[in-house]
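A.B. asks: Here the protein sequences line up with chains E and Z, keeping their order.
Following my numbering, the numbering of the first sequence begins with 98 at its first residue and continues without gaps.
Following my numbering, the numbering of the second sequence begins with 2 at its first residue and continues without gaps.
Please find one structure pasted underneath; my questions will follow.
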Amino acid sequence: MSDVTLKDGNGAVKGAGKAIHPGAGRRKAVPFPKGRVLDPVDLEVVAALIGAPPYERPLLIEYLHKIQDAEGCLPAGRLHALGDLLKIPMAHVYEVATFYAHFDVVPDGAEKPAATTVRVCESLSCMMAGAEQLIAALQSENMPNVRVVRAPCIGSCHTAPACHVGHHHVDHASAEKVKELALEGHVHANIPDYQTLGDYIEGGGYKVLRGCLADEIAVDDVIARLSDGGLRGLGGAGFPTGRKWTFVRAEKGPRMMAVNGDEGEPGTFKDRHYLETRPHQFLEGTLIAAWAVEAEEVFIYMRDEYPAVIKILNDEIPKLQAAGLVPDTKISVRRGAGAYICGEESAMIESIEGKRGLPRHRPPYVAQVGIFDRPTLVNNVETLYWIPQILEKGPEWFASQGTNDAKGLRSYSVSGRVKNPGVVLTAAGSTVQDLIEQCGGMLDGHEFKGYLPGGASGGILPASKGDLPLDFGQLEKFGCFVGSHAVVILSDKDDMKDVALNLMRFFEDESCGQCTPCRNGTEKAVQLMSQESWDGQLLEDLSKVMADASICGLGQAAANPLMSVIKYFPEDLK
Amino acid sequence: MTDKITFELDGRMVEAEAGETIWQVAKREGTSIPHLCWLPQPGYRSDGNCRACMVEVEGERVLAASCQRKVAEGMKVKSASERAKKSREMVFELLLADQPAREDSHDPVSAFWSWIDDMGIAPTSRYPKGKRPEPDSTHAAIAVNLDACINCGLCVRACREVQHNDVIGMGYRGHGARPVFDFDIGMGLSTCVACGECVQACPTGALMEANLLDEKGKRVQFEDKSVDTLCPYCGVGCQTRVHVKDNKILYVDGRDGSANENRLCVKGRFGFDYIHHPDRLTKPLIRRNGVAKDANMQLRKEDISEVFREASWDEAIEFAASGLKKVHDKLGGAGIAGFGSAKGSNEEAYLFQKLIRQGFGTNNVDHCTRLCHASSVAALMEGLNSGAVTAPFMAAEQSDCMIVIGARPNQNHPVAATYLKDAASRGAKLIIMDPRGHGGGLGRYASHMLQFKPGTDVALLNAMLNVIITEGMVDIQYVQAHTEGYEDLKNRVADFTPEAMAPVCGIDAAMIREVARIYARSERSLIFWGMGISQHTHGTDNSRCLISLALVTGHIGRPGSGLHPLRGQNNVQGASDAGLIPMVYPDYISVEDPAVHAKFERLWGRPLDPKRGLTVVEIMKAIHAGEIRGMYIMGENPAMSDPDVQHAREAIAALDHLVVQDLFVTETAWHADVVLPASAHAEKWGTFTNTNRQVQLARPVVNPPGEARQDWELVQALAQKIGLDWNYKDVGEVYTEMASVMPSLDNISWQRLLKEESVTYPCDDPGKPGNEIIFSTSFPTKSGRAKIVPAKLLPPDELPDEHYPMVLTTGRLLEHWHTGSMTRRASSLDALEPEAIASLNPRDLEKLGLTAGDFVDVGTRRGSIRLRTRAERDVPEGMVFIPFCFAEASANMLTNPQLDPLGKIPEFKYCAARVEKAEAGEPAEAAE
């Protein structure tokens with residue numbers, strides 16, 4: 098027996114040695130409270146980056162950008178400190194940070210990414226223009242502290258292949274050019290020459306807005322003119338703008354407004370075009386809309402792939418405020434962070450609220466329950482862009498521009514196998530043949546085989562259907578839609594199976610992951626479509642459940658190209 | 002115009018309420034629609050992500066999630082059209098592709114597999130499998146196997162929206178999306194508090210009780226029965242469903258109880274296996290002849306047989322009773338004392354106090370309420386003539402402002418805390434006042450966090466009263482109609498301006514004004530408090546201030562407002578109600594009231610002690626003085642729980658005869674003459690009254706081990722041995738007798754409890770629910786008015802000085818209960834918090850030249866203990882916090898036994914201490 102506890106007989110009974118306890122004694126206590134230990138240095142660094150309190154939780158993504166911009170990544174310690182300052186749990190910070198492609202979360206103990214990131218667009222138009230070769234070339238280059246990653250469409254389909262070196266946009270990218278930029282540190286946004294506030298005002302700009310603010314025109318009249326002009330949502334849904342405004346106005350205030358500048362649909366670059374050339378016409382339209390719905394606050398949600406646009410807006414908006422053109426509303430730019438799904442209006446609203454971009458269920462519609470659960474007007478950039486002109490030149494001017502029974506002007510983003518790709522501003526209802534002609538015809542050596550009428554999600558039509566009017570509601574019976582009017586021209590050099598797989602991979606990467614049909618459907622579809630021969634039955638069943646049961650348009654439309662190929666290009670599947 | 006909606010469901014016109022979903026109406030109409038991410042239980046909103054419940058709505062392009070879509074007038078729904086059915090089946094098939102095969106699955110009886118059965122679909126998929134996450138086995142109690150995860154997000158909602166613990170998020174996106182703990186680290190390394198809500202919610206077995214799985218993660222343990230009962234731990238009183246196999250508890254689920262709505266905390270869910278611990282007593286023990294008692298003894302398990310011998314029940318009862326009788330014969334009732342337990346049932350408490358009073362003619366009967374809320378009860382009795390809460394903690398749901406002072410519900414009442422966090426999330430102000438911070442738990446939800454200087458509660462609270470009075474925020478009408486003593490208060494607090502008190506309590510005057518205004522001006526304000534208020538020599542004064550706050554603002558007796566001292570033990574309310582207190586008979590009737598005294602003498606047929614008895618700490622003193630020589634201790638552990646515990650152990654060891662009735666050879670039982678093996682909570686029938694005044698029914702889940710017996714039977718056996726004519730046949734009979742002397746239990750019969758499980762007292766009618774909010778019209782005082790009693794500003798008894806420069810405060814940890822006799826023997830809880838710790842601010846550690854985890858000696862004027870340090874930002878500089886649950890470093894070796902004059906509660910929350918680096922490092926292992 099040990100000496101410790103007892104003495105036999107009548108002597109004193111003593112305990113000695115290590116105190117005893119009822120636990121198993123196999124483990125040691127952790128010398129900290131549960132979870133990661135916060136380092137005060139991280140707190141100091143993050144506080145310096147995001148400024149003094151009060152902090153607003155909805156600005157989480159903006160704060161994350163500040164850290165990412167400053168450090169080139171988001172180390173776990175910094176995220177912990179950010180959560181602590183904002184009183185946001187770690188899990189919340191983490192799920193937001195890992196949702197967006199432009200944030201590089203670095204776990205404890207892991208290596209930081211290279212200082213410079215080259216994002217090469219791998220979406221369809223760039224792929225057709227040799228993006229794969231560009232990636233291969235860049236990866237074989239010796240570029241210390243530079244990493245090359247694949248990225249979805251960056252809105253340069255007409256100057257493909259394109260990439261970003263940091264925030265620096267590169268058109269017609271070659272490995273040499275990119276290497277030079279990356280190694281020389283040209284990583285900042287290149288700001289194009291755009292119409293200044295002075296020039297815009299000189300040309301009569303902001304007259305309409307001033308008239309509105311001065312009550313020279315009634316809201317109802319404005320709405321009536323937009324309706325008469327046939328203005329529809331040009332983000333892709335084509336909902337009549339006047340009617341949307343009426344709906345929002347019918348809801349009890351306070352109301353909010355968001356501008357959808359998350360132009361992520363592959364093949365689309367028209368919004369970027371207007372924002373980088375005539376930003377004030379867009380801003381005037383925005384402020385007229387804000388006035389019309391009496392928006393308490395306006396958020397311009399701009400995709401992070403357009404750093405020049407973000408800079409332009411952040412430079413120009415204060416000038417408007419200084420000029421007294423924003424008397425009744427707050428207006429701010431919110432920066433996306435690399436997520437196609439945030440082009441879906443309710444996902445965008447979630448993102449504006451500082452959350453992951455998960456689309457919401459409808460009903461209720463965002464017009465009823467939007468930003469911070471308030472009634473919210475959401476309009477696309479181009480939609481707003483036309484408003485000052487329609488109000489100035491009259492609805493008839495706009496309405497009379499269409500063809501094939503369509504109304505208005507449309508900005509088609511044309512890319513792919515044509516001689517002069519770009520934004521084609523022409524009559525609504527134009528056909529693809531019109532567009533090819535306006536773009537100087539097919540590239541030499543290419544024969545028109547088919548086309549994407551509406552970006553990645555609008556399906557694929559064969560050349561034989563080249564005479565369809567490209568307008569809202571015209572293509573649905575063919576399993577397609579015109580959406581954001583992003584038209585990608587395909588030729589006999591393009592394998593439709595590869596095209597469809599490229600598009601499905603895009604959806605797989607960009608699915609938010611919320612609902613089963615889209616999350617699992619896109620993943621299974623990519624697996625099935627990567628196989629030598631496609632299993633038609635499995636893909637058809639998959640397409641059906643994705644179209645029928647996905648929460649939002651992404652999943653519902655993701656199988657459109659796949660089904661188009663099965664339907665219109667069976668010979669490519671042989 | 003009504004809110005009824007008529008719509009067509011599967012060709013039939015049905016009626017629904019506005020706001021109902023298609024799924025809910027279909028369910029009511031008898032149509033079962035599959036669902037995975039939708040959990041039709043309180044606190045869970047539908048999320049509509051899994052798409053297993055799709056239905057077809059006429060005229061709509063796509064299908065609708067029936068769990069999400071609200072019905073609308075004229076809507077035509079086909080719940081089982083071919084298209085909808087096919088779609089649901091495809092959803093299952095897609096999910097199946099990535100699931101482990103059923104025969105290897107983590108839970109083959111999960112909701113997911115049950116739906117596969119119900120829908121009659123093949124358990125296999127035509128689709129290729131994707132990349133799946135690896136298992137995570139970092140947590141002691143929960144197995145994380147995300148290969149079975151279907152991204153339904155129920156765990157995220159469970160953690161974030163139901164329990165508000167905020168540990169789980171849905172990280173990444175697309176098919177890479179998956180639940181993450183904090184920054185996607187192992188669950189066991191995260192801030193997870195192991196409430197297990199996620200396990201209960203998970204529909205696939207991706208999150209499971211680890212003990213049900215084999216090493217490959219396959220479920221191998223299945224229950225053979227399930228019993229509805231209660232959690233044995235805190236005063237929240239969660240209802241549980243306990244799953245049992247072969248007389249052993251396998252796992253525990255929360256039930257939809259009135260205080261927990263299916264929620265549990267780590268103790269309730271994972272702290273059950275202490276009852277199966279090898280230390281469990283299975284035979285009566287009698288101290289061997291000649292083995293002396295010594296206060297310093299440490300009795301190892303393997304040495305128990307050196308001190309005690311096994312005995313038969315007959316001998317043990319005879320021995321126990323005769324020893325007490327001998328003392329009684331010699332010294333009369335004054336020589337005897339009894340400690341009952343707030344862990345026992347109402348019936349046990351009632352019988353125990355009856356035995357002491359009727360059998361030994363003394364009122365020396367008390368229990369651990371003395372150590373927790375005695376001062377709160379004293380102040381409440383003085384002011385309102387009622388010792389219970391005026392509103393349940395769920396009143397937080399209706400509240401606009403909540404003050405939480407001197408309480409850490411996130412650790413000590415975790416399920417109650419979920420309701421507070423719920424309310425704060427909805428926008429109610431949450432004002433926390435505590436010298437220690439509340440970090441990422443409740444602190445994240447606080448609108449105001451006042452980390453005041455320890456022991457300065459009265460300064461802070463009187464300053465708030467000063468603001469309310471001087472700024473005209475008093476509800477004069479209420480004060481005039483319902484209170485007395487307001488003028489005294491007004492005079493007393495006149496000098497307590499926030500500016501004068503700010504330097505005393507360390508809170509800015511502006512902040513004091515702000516919170517006083519928010520509290521007073523909110524439509525509905527509620528005050529929660531705990532031991533931080535009560536465990537002071539000025540504990541009664543602290544409580545008086547809180548009562549005054551409620552009375553002068555009229556924040557009492559209405560929904561969402563009132564006073565809620567969070568009761569600690571699962572039955573501290575009931576044990577107190579049942580008279581386990583030296584001053585009062587059941588229902589708080591003074592033993593010194595001649596009429597009452599006469600009534601009980603008549604009822605119990607014996608002369609009773611006309612004087613109030615001694616309290617816990619007084620009893621220890623009386624033993625030292627040689628006045629008390631015999632004790633009966635049922636389920637209490639004063640050798641761990643009393644202040645200056647060395648002194649208490651010396652007292653216990655000095656007794657001529659000590660009978661201990663317990664589950665284990667506790668630190669108290671080391672000094673016993675006879676130890677009676679008793680029944681655990683999970684082994685007994687009984688009623689328990691929670692902090693909300695809800696009387697709830699517990700049922701036996703398993704049989705007691707070996708020869709262990711029911712506590713009530715043991716009390717009866719002793720009673721019979723000392724000559725009392727007791728013949729209770731069962732617990733129900735005891736309840737009925739108890740209820741007959743307790744008007745508070747009117748209309749709550751045993752039969753009713755069997756049927757309803759839980760009834761709140763007071764209750765006006767056998768057919769009506771009890772009154773949750775009390776004192777809406779008057780108070781049960783003679784005048785019908787509440788008495789406002791001003792509080793004096795007194796310093797703590799022992800202030801830091803040059804020798805003992807720090808403040809020691811004690812309390813609990815989330816994982817451990819009270820003295821640890823149960824929880825440290827619960828394997829999961831032991832794994833989570835395995836050894837004694839002293840928490841200090843990281844800056845203090847640095848000043849002391851210590852690294853977190855180093856051992857220190859913490860000393861006070863009473864003694865010294867050695868234990869490991871923990872760095873905690875929540876602990877202010879100058880303070881050391883030690884939980885009192887660790888036998889190897891008993892915090893109560895250090896605490897100050899000075900008492901509050903009225904409540905007789907010791908000052909556990911404040912004494913002067915010294916912290917030094919332990920020279921020899923870790924405590925030495927005993928030399929062999």
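In this text, a Cβ means the ideal position worked out from N, Cα and C, and glycines have one as well.
Can you give me the start and stop residues for the alpha helix (DSSP H) that threonine 673(E) sits inside?
C.D. replies: Outside the shown range of chain E, which is 98 to 671, sits residue 673(E), and nothing can be said about it.
A.B. asks: Could you confirm whether any beta carbon from chain Z is found closer than 8 Å to the beta carbon of glycine 112(E)?
C.D. replies: The residue labelled residue 112(E) in the question sits at position 15 within the first sequence. Residue placement at glycine 112(E) is flagged as unreliable, the pLDDT there being 41, under the threshold of 50; the coordinate-derived value follows with that caveat. Chain Z places a beta carbon closer than 8 Å to that of glycine 112(E), counting this residue as a contact.
A.B. asks: Measure from the alpha carbon of alanine 286(E) to the alpha carbon of each residue in Tyr297(E), Tyr665(E), Asp268(E), then state which is nearest.
C.D. replies: Numbered from 1 along the first sequence, position 189 holds the residue referred to as residue 286(E). Of Tyr297(E), Tyr665(E), Asp268(E), the residue nearest in Cα terms is Asp268(E).
A.B. asks: Rounded to a whole number of angstroms, what is the C-alpha to C-alpha distance between glutamine 100(Z) and tyrosine 128(Z)?
C.D. replies: Translated into the one-based positions of the second sequence, residue 100(Z) becomes position 99. Translated into the one-based positions of the second sequence, residue 128(Z) becomes position 127. Roughly 11 Å between the two C-alpha positions.
A.B. asks: By Cβ distance below 6 Å, which residues in the same chain neighbour histidine 370(E) in space, the five residues on each side in sequence not counted?
C.D. replies: Start at 1 with the first residue of the first sequence, and residue 370(E) comes out as number 273. Within the same chain, histidine 370(E) has close Cβ partners Val520.
A.B. asks: Give the residues of chain E in contact with valine 735(Z), contact being defined as C-beta atoms less than 7 Å apart.
C.D. replies: Sequence index remark: in the second sequence, residue 735(Z) carries index 734 (1-based). Here the premise fails: no neighbours, minimum Cβ distance about 31 Å.
A.B. asks: Grouping DSSP H, G and I as helix and E and B as strand, with all else coil, what is threonine 102(E)?
C.D. replies: One-based indexing of the first sequence puts residue 102(E) at position 5. Residue placement at threonine 102(E) cannot be trusted, given a pLDDT of 41 that sits under 50; what the coordinates show is reported in the next sentence. In the structure shown, threonine 102(E) sits in coil (DSSP, three-state: anything other than H, G, I, E or B).
A.B. asks: By how many angstroms is the C-alpha of leucine 462(Z) removed from the C-alpha of alanine 511(Z)?
C.D. replies: As a working note, residue 511(Z) is residue 510 in the second sequence. As a working note, residue 462(Z) is residue 461 in the second sequence. Straight-line measurement puts the Cα of leucine 462(Z) at about 14 Å from the Cα of alanine 511(Z).
A.B. asks: Measure the CB-CB distance between leucine 443(Z) and valine 405(Z) and report whether it falls below 8 Å.
C.D. replies: Sequence index remark: in the second sequence, residue 443(Z) carries index 442 (1-based). Sequence index remark: in the second sequence, residue 405(Z) carries index 404 (1-based). Their beta carbons are under 8 Å apart, which means leucine 443(Z) touches valine 405(Z) by this criterion.
A.B. asks: Looking at the secondary structure, which residues open and close the beta strand (DSSP E) in which lysine 490(E) lies?
C.D. replies: Residue 490(E) sits at position 393 when you count from the first residue of the first sequence. Looking at the DSSP string, lysine 490(E) is not in any beta strand (DSSP E); the run it does join, the alpha helix (DSSP H), is 478-490.
A.B. asks: State the Cα-Cα distance for the pair valine 742(Z) and alanine 596(Z), rounded to the nearest angstrom.
C.D. replies: Taking the second sequence and counting its residues from 1, one reaches residue 742(Z) at position 741. Taking the second sequence and counting its residues from 1, one reaches residue 596(Z) at position 595. C-alpha separation (whole angstroms): 14 Å.
A.B. asks: In terms of residues, what are the limits of the alpha helix (DSSP H) holding methionine 224(E)?
C.D. replies: Working through the first sequence from its first residue, we reach residue 224(E) at position 127. Element bounds for methionine 224(E): 221-225.
A.B. asks: Taking all protein chains shown into account, decide if glycine 112(E) is buried (16 or more other Cβ within 10 angstroms of its Cβ) or exposed.
C.D. replies: In the first sequence, the residue the question calls residue 112(E) occupies position 15. Caution applies to glycine 112(E), whose pLDDT of 41 falls short of 50 and renders its modelled position unreliable; the value that the coordinates give is listed next. It is buried - the Cβ of glycine 112(E) has at least 16 other Cβ atoms within 10 Å.
A.B. asks: If contacts are defined as beta-carbon pairs under 8 Å, then arginine 545(Z) and valine 163(Z) qualify, I think. What distance do you get, rounded to the angstrom?
C.D. replies: Counting from 1 along the second sequence, the entry for residue 545(Z) is found at position 544. Counting from 1 along the second sequence, the entry for residue 163(Z) is found at position 162. Actually they do not touch by this definition, with Cβ atoms about 36 Å apart.
A.B. asks: Report the rounded CA-to-CA distance for glycine 850(Z) versus glutamine 481(Z), giving the unit in angstroms.
C.D. replies: Taking the second sequence and counting its residues from 1, the one referred to as residue 850(Z) is at position 849. Taking the second sequence and counting its residues from 1, the one referred to as residue 481(Z) is at position 480. C-alpha separation (whole angstroms): 59 Å.
A.B. asks: Using a cut-off of 8 Å between C-beta atoms, extract the partners of histidine 118(E) located in chain Z.
C.D. replies: Position 21 of the first sequence holds residue 118(E). The contacting residues are Gly821, Arg825, Glu836, Ala837, Phe887, Ala888, Glu889.
A.B. asks: Identify whether glutamine 697(Z) lies in helix, strand or coil by the three-state DSSP scheme.
C.D. replies: The count along the second sequence starts at 1 and reaches residue 697(Z) at position 696. Residue state, collapsed to three classes: strand.
A.B. asks: Mark glutamine 412(Z) as exposed unless 16 or more other C-beta atoms lie within 10 angstroms of its C-beta, in which case mark it buried.
C.D. replies: The residue you call residue 412(Z) lines up with position 411 of the second sequence. Buried: at least 16 other Cβ atoms inside 10 Å.
A.B. asks: Compute the beta-carbon to beta-carbon distance between threonine 688(Z) and asparagine 638(Z), rounded to the nearest angstrom, for a pair I have assumed lies under 8 Å.
C.D. replies: As a first step, residue 688(Z) is located in the second sequence; it is residue number 687 there, counting from the start. As a first step, residue 638(Z) is located in the second sequence; it is residue number 637 there, counting from the start. Not really, about 23 Å apart at Cβ, beyond 8 Å.
A.B. asks: Give me the subset of the stretch 494-523 of chain E whose CB atoms are less than 9 Å from a CB atom of chain Z, sorted by chain position.
C.D. replies: none
A.B. asks: Between which two residues does the alpha helix (DSSP H) carrying phenylalanine 113(Z) extend?
C.D. replies: On the second sequence, position 112 is the one that residue 113(Z) refers to. 112-120 is the span of the alpha helix (DSSP H), which, as asked, contains phenylalanine 113(Z).
A.B. asks: Under 9 Å, CB to CB, which of the residues in the stretch 119-132 of chain E have a partner in chain Z?
C.D. replies: Pro119, Gly120, Ala121, Gly122, Arg123, Arg124, Lys125, Ala126, Val127, Pro128, Phe129, Pro130, Lys131, Gly132
A.B. asks: Determine, using beta carbons only, whether glutamate 219(E) comes closer than 8 Å to chain Z.
C.D. replies: Residue 219(E) sits at position 122 when you count from the first residue of the first sequence. It does not: the Cβ of glutamate 219(E) has no partner Cβ on chain Z nearer than 8 Å.
A.B. asks: Between leucine 841(Z) and valine 876(Z), how many whole angstroms is the CB-CB distance? I'm expecting something under 8 Å.
C.D. replies: As a working mapping, residue 841(Z) is identified with position 840 in the second sequence. As a working mapping, residue 876(Z) is identified with position 875 in the second sequence. Right, the Cβ-Cβ distance comes to about 6 Å (below 8 Å), so this counts as a contact.
A.B. asks: Using a Cβ-Cβ cut-off of 8 Å, state whether histidine 162(E) counts as contacting chain Z.
C.D. replies: The residue labelled residue 162(E) in the question sits at position 65 within the first sequence. Not one chain Z Cβ lies under 8 Å of histidine 162(E).
A.B. asks: Along chain E, in chain order, which residues have C-beta atoms closer than 8 Å to that of threonine 870(Z)?
C.D. replies: Translated into the one-based positions of the second sequence, residue 870(Z) becomes position 869. Those are Pro128, listed as they occur along chain E.
A.B. asks: Establish whether the CB of valine 642(E) and some CB of chain Z are separated by less than 8 Å.
C.D. replies: As a first step, residue 642(E) must be located in the first sequence, where it is residue number 545. Chain Z contact via Cβ: present.
A.B. asks: Under a CB-based cut-off of 8 Å, is proline 279(Z) close to chain E?
C.D. replies: Position 278 of the second sequence holds residue 279(Z). Chain E contact via Cβ: absent.
A.B. asks: In the DSSP assignment, find the alpha helix (DSSP H) that holds alanine 347(E) and state where it starts and stops.
C.D. replies: Position 250 of the first sequence holds residue 347(E). 338-347 is the span of the alpha helix (DSSP H), which, as asked, contains alanine 347(E).
A.B. asks: Going by DSSP, what residues sit across from histidine 368(Z) in a beta bridge?
C.D. replies: Within the second sequence, the letter at position 367 stands for residue 368(Z). According to DSSP, histidine 368(Z) bridges with nothing at all.
A.B. asks: In the structure shown, what three-state DSSP assignment does arginine 70(Z) receive?
C.D. replies: Within the second sequence, numbered from 1, the residue matching residue 70(Z) stands at position 69. Reduced to three states, the DSSP call for arginine 70(Z) is coil.
A.B. asks: By the criterion of Cβ-Cβ separation under 8 Å, what are the contact partners of leucine 155(Z) in chain E?
C.D. replies: Here residue 155(Z) corresponds to residue number 154 of the second sequence, with the count starting at 1. The contacting residues do not exist; leucine 155(Z) stays about 14 Å from chain E at best.
A.B. asks: Thinking C-beta only, is tyrosine 446(Z) closer than 8 Å to lysine 422(Z)?
C.D. replies: Taking the second sequence and counting its residues from 1, the one referred to as residue 422(Z) is at position 421. Taking the second sequence and counting its residues from 1, the one referred to as residue 446(Z) is at position 445. Yes. Within cutoff.
A.B. asks: For chain E, check one thing: does any of its Cβ atoms lie closer than 8 Å to the Cβ of asparagine 893(Z)?
C.D. replies: Here residue 893(Z) refers to the residue found at position 892 of the second sequence. Not an interface residue.
A.B. asks: Can you give the Cα-Cα distance for isoleucine 487(E) and phenylalanine 495(E), rounded to whole angstroms?
C.D. replies: Translated into the one-based positions of the first sequence, residue 487(E) becomes position 390. Translated into the one-based positions of the first sequence, residue 495(E) becomes position 398. Those two C-alpha atoms are separated by around 6 Å.
A.B. asks: Under 6 Å Cβ to Cβ from methionine 98(E), same chain only, skipping five residues before and after it: list those, please.
C.D. replies: Your numbering for residue 98(E) matches position 1 in the first sequence. Low confidence applies here, because methionine 98(E) scores a pLDDT of 30, under 50, leaving its location unreliable and the question unanswered by this model.
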